[in-house]
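> Below is a structure I'd like to ask you about.
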Amino acid sequence: MEKWNMYMEIYQLKQQGFKIRRIARKLGISRTTVYKYLEKSPEEMSGWMASTKTRVKKLDPYEMLIQTWLSENPDMSAAQVHDWLMERYKDLEVGESTVRIYPAFPKLL
């Protein structure tokens, strides 16, 4: 569910008298998420949503390089990509799991 729709649904359920636990269970989210959304005004929620969309990933500056490596070496693993990045960019602080979940890295089926 989109964040804004979730926000509106939480507020509507709360106004209808639902308890936090019931809202969380009904929407399939944690109680802490319900609390977090209820603490925000519509303006704060809008600002928060805008800030999450512009978040930069650690590997974004290296995306073209990673894509080139993967096109030249289609069987390359995330561990190999990580090793190559560490060899070329000593100051880069990124774990292998970050490389594995990066959107530019193909998912194994």
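Quick note on my numbering: the sequence shown kicks off at 1 and runs consecutively. Quick reminder that beta carbons are idealized off the backbone N, C-alpha and C, glycines included.
(1) Could I get the ranges of all uninterrupted alpha helix (DSSP H) runs contained in the stretch 29 to 61, with 4 residues as the minimum, in chain order?
(2) Given this structure, state the Cα-to-Cα distance separating G17 from Y7, to the nearest angstrom.
(3) Could you give the residue range of the alpha helix (DSSP H) that holds A16?
(4) So, at 6 Å on beta carbons, what are the nonlocal neighbours of A79 in its own chain, with the 5 sequence-adjacent residues on each side left out?
(5) Note the first and the last residue of the continuous alpha helix (DSSP H) segment covering S71.
(6) Give the straight-line distance between the Cα atoms of M45 and M64, rounded to the nearest whole angstrom.
(7) Please report the Cβ distance between E9 and L27, rounded to the nearest whole angstrom; I am assuming they are in contact, meaning their Cβ atoms lie under 8 Å.
(8) Assign A24 to one of three DSSP states: helix, strand, or coil.
(9) Please look up how many angstroms separate the CB atoms of T98 and K58, rounded, as I've assumed it's under 8 Å.
(10) Exposed or buried, what is A24 when buried is set at 16 or more other beta-carbons lying within 10 Å of its beta-carbon?
(11) When the Cα of I101 is compared with those of R88, I66, Y89, D91, which residue comes out closest?
Let me lay it out:
(1) 31 to 39, 42 to 53
(2) Taking the first residue of the sequence shown as 1, we reach residue 17 at position 17. Taking the first residue of the sequence shown as 1, we reach residue 7 at position 7. Distance between the alpha carbons of G17 and Y7 is about 16 Å.
(3) On the sequence shown, residue 16 is found 16 positions in, with the first residue counted as 1. With the sequence shown as reference, residue 16 is identified as Gln, and Ala is not the correct amino acid for it. Run containing Q16: none; DSSP gives neither H nor E here.
(4) Indexing the sequence shown from 1 puts residue 79 at position 79. For A79, where only same-chain residues beyond five positions count, the Cβ hits under 6 Å are E96.
(5) The count along the sequence shown starts at 1 and reaches residue 71 at position 71. 63 to 72 is the span of the alpha helix (DSSP H), which, as asked, contains S71.
(6) On the sequence shown, position 45 is the one that residue 45 refers to. On the sequence shown, position 64 is the one that residue 64 refers to. The straight-line gap from Cα to Cα measures roughly 33 Å.
(7) As a first step, residue 9 must be located in the sequence shown, where it is residue number 9. As a first step, residue 27 must be located in the sequence shown, where it is residue number 27. Sure, about 6 Å apart at Cβ, within 8 Å.
(8) On the sequence shown, residue 24 is found 24 positions in, with the first residue counted as 1. Three-state result, A24: helix.
(9) Your numbering for residue 98 matches position 98 in the sequence shown. Your numbering for residue 58 matches position 58 in the sequence shown. Rounded, the Cβ-Cβ distance is 6 Å, consistent with contact.
(10) Position 24 of the sequence shown, counting from 1, holds the residue named residue 24. It is buried - the Cβ of A24 has at least 16 other Cβ atoms within 10 Å.
(11) In the sequence shown, the residue the question calls residue 101 occupies position 101. I101 has its Cα closest to that of I66, out of R88, I66, Y89, D91.
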